Amino acid sequence: MSDIQTISPAQLADREKSGQAIELIDVRTPAEFREVHASAARNTPLESLDVDSVVKSRRLDAGEPLYVICRSGKRADQACRKFVAAGYENVVNIEGGTNAWEAANLPVERGKKAMSLERQVRIAAGSLVLLGAVLGLTVHPYFIGISAFVGAGLVFAGATDTCGMAMMLARMPWNQVKDEPPAKSCSIA
Numbered sequence: 001m002s003d004i005q006t007i008s009p010a011q012l013a014d015r016e017k018s019g020q021a022i023e024l025i026d027v028r029t030p031a032e033f034r035e036v037h038a039s040a041a042r043n044t045p046l047e048s049l050d051v052d053s054v055v056k057s058r059r060l061d062a063g064e065p066l067y068v069i070c071r072s073g074k075r076a077d078q079a080c081r082k083f084v085a086a087g088y089e090n091v092v093n094i095e096g097g098t099n100a101w102e103a104a105n106l107p108v109e110r111g112k113k114a115m116s117l118e119r120q121v122r123i124a125a126g127s128l129v130l131l132g133a134v135l136g137l138t139v140h141p142y143f144i145g146i147s148a149f150v151g152a153g154l155v156f157a158g159a160t161d162t163c164g165m166a167m168m169l170a171r172m173p174w175n176q177v178k179d180e181p182p183a184k185s186c187s188i189a
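Written out as structure tokens, the structure is:
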């Protein structure tokens, strides 16, 4: 598989300022997108990304690059790889994602504050490990298995770059926007 093209937020902004039309999709969850997003972006969550529909609904000529952004670049890279696997190679990952976009003082739109999916995973995993340890010490030693299960899940997530807990949390009502389908897969960065 070919390497994914990247561009810095400042370089993309320069292209737009010079009159080049750009098409930018943000692959974060609807709640994350609602919180803050690059002004030019439209939300197409990675969890429900259908490459064919995105390509068919493009506002620009198919020969023009499709720019992809997320929070830090990891989910955007996964989305770009989906496009490449489907035969559409003219996709470009925005280096550093929305974090870098904001740091470069580029225009963003802000909405309702939301807790990031990554933060939700850390809170849930930490709570389950603590619960398993407390129950294991006070009720029955077998409850330590809860902590072991969460630890094994985190090792699996690190090794495979797939996080079951994030998939589950992405489907929770507080991570959805009305009229948006629940998330189907995972990646938290």
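Letter by letter, the sequence shown follows residues 1 to 189 of full-length UniProt numbering. The C-beta atom is built at its ideal place from N, Cα and C for all residues, glycine as well. Computed from a prediction, not measured in an experiment: that's the story for all the values here.
By the 10 Å Cβ neighbour count, where 16 or more other Cβ atoms means buried, how is E109 classified, buried or exposed? Taking the first residue of the sequence shown as 1, we reach residue 109 at position 109. Looking at its Cβ environment, which holds fewer than 16 other Cβ atoms inside 10 Å, E109 is exposed.
Output yes or no for whether 8 Å exceeds the beta carbon distance between K22 and R15. Within the sequence shown, residue 22 is the residue found at index 22, counting from 1. Within the sequence shown, residue 15 is the residue found at index 15, counting from 1. The residue you asked about is not Lys; residue 22 is Ile in the sequence shown. Yes.
If you reduce the DSSP assignment to three classes, tell me which class D26 lands in. If you number the sequence shown from 1, residue 26 lands on position 26. It is a strand residue.
Classify E180 as helix, strand or coil using the three-state DSSP reduction. In the sequence shown, counting from the first residue as 1, residue 180 sits at position 180. In this predicted model, E180 has a pLDDT of only 47, less than 50, meaning its place in the structure is not dependable enough to derive any value.
Curious, which full-length alpha helix (DSSP H) runs of at least 4 residues does the stretch 150-175 contain? Within the stretch 150-175, the runs of alpha helix (DSSP H) at least 4 residues long that lie entirely inside it are, in chain order, 164-170.
Who are the Cβ neighbours of L135 in its own chain at under 6 Å, not counting the five residues just before and after it? Along the sequence shown, one-based indexing puts residue 135 at 135. Result list for L135: F143, in chain order.
Measure the C-alpha to C-alpha separation of M167 and R59 and round it to an integer number of angstroms. The residue you call residue 167 lines up with position 167 of the sequence shown. The residue you call residue 59 lines up with position 59 of the sequence shown. Rounded to whole angstroms, M167 to R59 spans 30 Å at the Cα level.
To the nearest angstrom, report how far apart D3 and G132 are at their CA atoms. Locating residue 3 in the sequence shown gives position 3, where the first residue counts as 1. Locating residue 132 in the sequence shown gives position 132, where the first residue counts as 1. Their backbone Cα atoms lie some 42 Å apart in a straight line.
Cβ neighbour criterion (16 or more within 10 Å) applied to T138: Position 138 of the sequence shown, counted from the first residue, corresponds to residue 138. So T138 ends up on the exposed side.
For the stretch 28-44 against the stretch 81-91, do three or more pairs of beta-carbon atoms, one drawn from each stretch, fall closer than 8 Å, so that the two count as touching? No, the stretch 28-44 does not touch the stretch 81-91.
DSSP state of V139, grouped into three classes? Residue mapping note: residue 139 aligns to position 139 of the sequence shown, counting from 1. It is coil, neither helix nor strand.
By Cβ distance below 7 Å, which residues in the same chain neighbour D77 in space, the five residues on each side in sequence not counted? The residue given as residue 77 occupies position 77 in the sequence shown. Only I4, N93 meet the Cβ criterion.
Near A157, which residues of its chain fall below 6 Å by C-beta distance, leaving aside the five closest residues on each side in sequence? Reading the sequence shown from its first residue, position 157 is the one you call residue 157. Cβ neighbours of A157 beyond the five flanking positions: C163.
Could you tell me the alpha carbon to alpha carbon distance between L128 and S18, rounded to whole angstroms? Position 128 of the sequence shown, counted from the start, is the residue given in the question as residue 128. Position 18 of the sequence shown, counted from the start, is the residue given in the question as residue 18. As the crow flies, the alpha-carbon of L128 is around 51 Å from that of S18.
Anyone know if the C-beta pair for V27 and P65 falls short of 8 Å? On the sequence shown, position 27 is the one that residue 27 refers to. On the sequence shown, position 65 is the one that residue 65 refers to. The answer is no: Cβ separation not under 8 Å.
Which whole-angstrom value is the C-beta distance of L106 and P9, which I expect to be below 8 Å? For the purposes of this step, residue 106 is identified with residue 106 of the sequence shown, where counting begins at 1. For the purposes of this step, residue 9 is identified with residue 9 of the sequence shown, where counting begins at 1. Correct: roughly 6 Å between the Cβ atoms.
Measure the alpha-carbon distance for G126 versus G153 and round it to whole angstroms. Reading the sequence shown from its first residue, position 126 is the one you call residue 126. Reading the sequence shown from its first residue, position 153 is the one you call residue 153. Cα to Cα, G126 sits roughly 12 Å from G153.
Identified DSSP bridge partners for V108: The residue you call residue 108 lines up with position 108 of the sequence shown. Residue pairing of V108 in beta bridges, as defined by DSSP: A38.
Under a Cβ-count criterion, where at least 16 other Cβ atoms within 10 Å of its own Cβ denotes burial, should T98 be classed as buried or exposed? Along the sequence shown, one-based indexing puts residue 98 at 98. Answer is buried; the Cβ neighbour count reaches 16.
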